[in-house]
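Only one structure is covered here, and it is reproduced in the block below.
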Amino acid sequence: MITIISGKGAPGSTTTLAALAVGWPAPVLLADCDPAGGDLAPGWLGQWVVDGTIRTDRGVLSHATATRHATAGDPATLIEHVQPVPSARHVGLLAGLTAPGQQAAVGAAGWTRLTSALAAFRTTAGQPADALVDLGRMSAATPWSLLLAADVVLVAVRPTQRHVLAARPLLAELAERIVPARLGLAVCATTPAGTREVRAALGREVAVEVPADVRAAAVFSDGTDAGAVPSRSPLLRGVRRAARRLHGTYHHYTPAELRIPALPASARLLTGGVR
Ligand SMILES: Nc1ncnc2c1ncn2[C@@H]1O[C@H](COP(=O)(O)OP(=O)(O)OP(=O)(O)O)[C@@H](O)[C@H]1O
Ligand SMILES: [Mg+2]
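In this text, residue positions in the sequence shown follow the working numbering: the first is 729, and each later residue adds one.
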């Protein structure tokens, strides 16, 4: 489970996660867990929402409602709330909340049930599936269960002073509860020099580096070009490399080993950095 969170300023978390999911070399669950409301369905996948292929009433909220009498999340139930992404069939979407007010209906217990269901998730063919989780911006509503259970937590940041300054207090807060080996950066809309600066300024390793590419980014954030995957774009070419490396790092390990806190695999992932 890889979770991305940001400070202020919309650095590009949702765009990065959508692109990572498209570039993921295996089945992957894209979970829109932004408590302020999800952007994947109305943004990237908006045209399929409009034609009814993707339903916004199936996702985080419907899972919380359906499991409200359960004590723990059951992956078999979760799959009923996941929908295939029409333009990337290996991606399953857990659609997000449609309004910030809905997070009160999910509640801490609902997020905790979702966390355990995500950790044990299997595809319809019974294969373990990775999960990429969008937590939006850090706030009082942030579901900490998803941060604490993640194999890696990445703070999204752009190579600008404003974003670096916003990321600092967030990293400090996360570092109180998450071991350094599990905490890294996703540098969005960047260049190689920008990424080096961010790494130096924040003193954390970079697990994902996303090139600045306005046109391809707008597909994932806003559904331009009818949400068609921009396969040959610089953005997707860059993100595919990160996706393959992240996937390769984790699939040397069994799920039981992945829950050990001091994780050697994360250490390798994060010190491997972006070349
Ligand atoms: N790699 C990139 N290159 C150029 N533009 C980008 C890139 N990534 C994201 N953007 C643009 O930045 C804007 C914000 O992106 P996005 O919605 O993904 O940010 P976010 O961090 O998820 O924001 P929020 O905090 O509102 O959830 C969008 O217009 C998007 O197209
Ligand atoms: Mg977002």
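By construction, the Cβ of each residue, glycine as well, lies at the ideal position given by its N, Cα and C atoms. Here the structure is a predicted model, which is why all the values come from computation and not from measurement.
Practice item. Taking Arg865 as the reference, give the member of Ala884, Thr793 and Thr918 with the closest Cα. Key: Checking every option, the nearest Cα to that of Arg865 belongs to Ala884.
**Study point:** Exposure label - Thr742; buried when at least 16 CB within 10 Å
**Key:** Taking all protein chains shown into account, Thr742 has 16 or more neighbouring C-beta atoms within 10 Å of its C-beta and is therefore buried.
Check your understanding: Ends of the alpha helix (DSSP H) at Thr805?
Key -> Bounds of the alpha helix (DSSP H) holding Thr805 are Pro803 to Leu806.
Review point. When burial is assigned at 16 or more other CB atoms within 10 Å of the CB, is Glu937 buried or exposed?
Key: Buried, since its Cβ has 16 or more Cβ neighbours within 10 Å.
**Study point:** Cβ neighbours of Ala794 in the same chain (closer than 8 angstroms, five flanking residues each side left out)
**Key:** If we look at Ala794 and ignore the five residues flanking it on each side, its Cβ neighbours are Thr805, Glu808 and His809.
Exercise for review: Whole angstroms is fine: what's the gap from Asp767's alpha carbon to Ala928's?
Suggested key: In this model, Asp767 and Ala928 are separated by some 31 angstroms (Cα to Cα).
Review point. DSSP state of Arg817, grouped into three classes?
Key: Residue state, collapsed to three classes: strand.
Check your understanding: Do you know whose CA, among Pro753, Thr731 and Gly780, lies nearest Arg965's CA?
Key -> It is Pro753.
Review point. Is any heavy atom in ligand 2 found nearer than 7 angstroms to the beta carbon of Thr742?
Key: Yes.
**Study point:** For Leu745, the first and last residue of its enclosing alpha helix (DSSP H)
**Key:** Leu745 -> alpha helix (DSSP H) spans Ser741 to Gly751.
Review point. In angstroms, rounded to a whole number, what distance separates the CA positions of Arg960 and Ala914?
Key: Each residue's alpha carbon lies about 21 angstroms from the other.
Point to revise | Through-space distance from Gln775 to Gly951, alpha-carbon basis | key: Rounded to whole angstroms, the separation of the alpha carbons of Gln775 and Gly951 is 7 angstroms.
Practice item. Give me the Cα-Cα distance between Ala868 and Ala832, rounded to the nearest whole angstrom. Key: Just so you know, the alpha carbons of Ala868 and Ala832 end up roughly 12 angstroms apart.
Point to revise | Whether Leu757 touches Leu863 by CB criterion (8 angstroms) | key: Against a cut-off of 8 angstroms, the Cβ pair of Leu863 and Leu757 comes out as no contact.
Practice item. Let me know the beta strand (DSSP E) ranges lying completely inside the segment 871–915, each 3 residues or longer, listed in chain order. Key: You should have 880–885.
Check your understanding: When every heavy atom of ligand 1 is checked, does at least one fall within less than 7 angstroms of the C-beta of Arg910?
Key -> For ligand 1, not one heavy atom lies less than 7 angstroms from the Cβ of Arg910.
Practice item. Can you tell me the Cβ-Cβ gap for Ala940 and Thr923, rounded? I've got them flagged as a contact below 8 angstroms. Key: Taking a contact as a CB-CB distance under 8 angstroms, the pair Ala940 and Thr923 does not count as one, their CB atoms being some 11 angstroms apart.
Check your understanding: Going by DSSP, what residues sit across from Arg865 in a beta bridge?
Key -> Listed as beta-bridge partners of Arg865 by DSSP are Ser734.
**Study point:** Cut-off 6 angstroms between Cβ atoms - residues of its own chain near Pro763, not counting five sequence neighbours on either side
**Key:** Within the same chain, Pro763 has close Cβ partners Gln831 and Ala869.
Exercise for review: May I ask which residues mark the beginning and end of the beta strand (DSSP E) holding Glu933?
Suggested key: Taken as a continuous stretch (DSSP letters only), Glu933 belongs to no beta strand (DSSP E), as it is neither H nor E.
Check your understanding: Where does the unbroken alpha helix (DSSP H) through Leu964 begin, and where does it stop?
Key -> DSSP places Leu964 inside the alpha helix (DSSP H), whose first and last residues are Pro962 to Tyr978.
Practice item. Could you give the DSSP three-state label for Pro920: helix, strand or coil? Key: In this structure, Pro920 counts as helix in the three-state DSSP scheme.
**Study point:** heavy atom of ligand 2 below 7 angstroms from Gly864 C-beta
**Key:** Yes, ligand 2 has a heavy atom inside 7 angstroms of this Cβ.
Practice item. Say yes only if the C-beta of Ala884 is nearer than 7 angstroms to one or more non-hydrogen atoms of ligand 1, and no if none qualify. Key: If you check the C-beta of Ala884 against ligand 1, you find a heavy atom less than 7 angstroms away.
Review point. Which runs of the beta strand (DSSP E) fall wholly inside the segment 811–855 and span at least 3 residues, in chain order?
Key: You should have 811–813 and 816–822.
Practice item. State the Cα-Cα distance for the pair Pro856 and Gly737, rounded to the nearest angstrom. Key: If I take the Cα positions, the gap works out to 34 angstroms.
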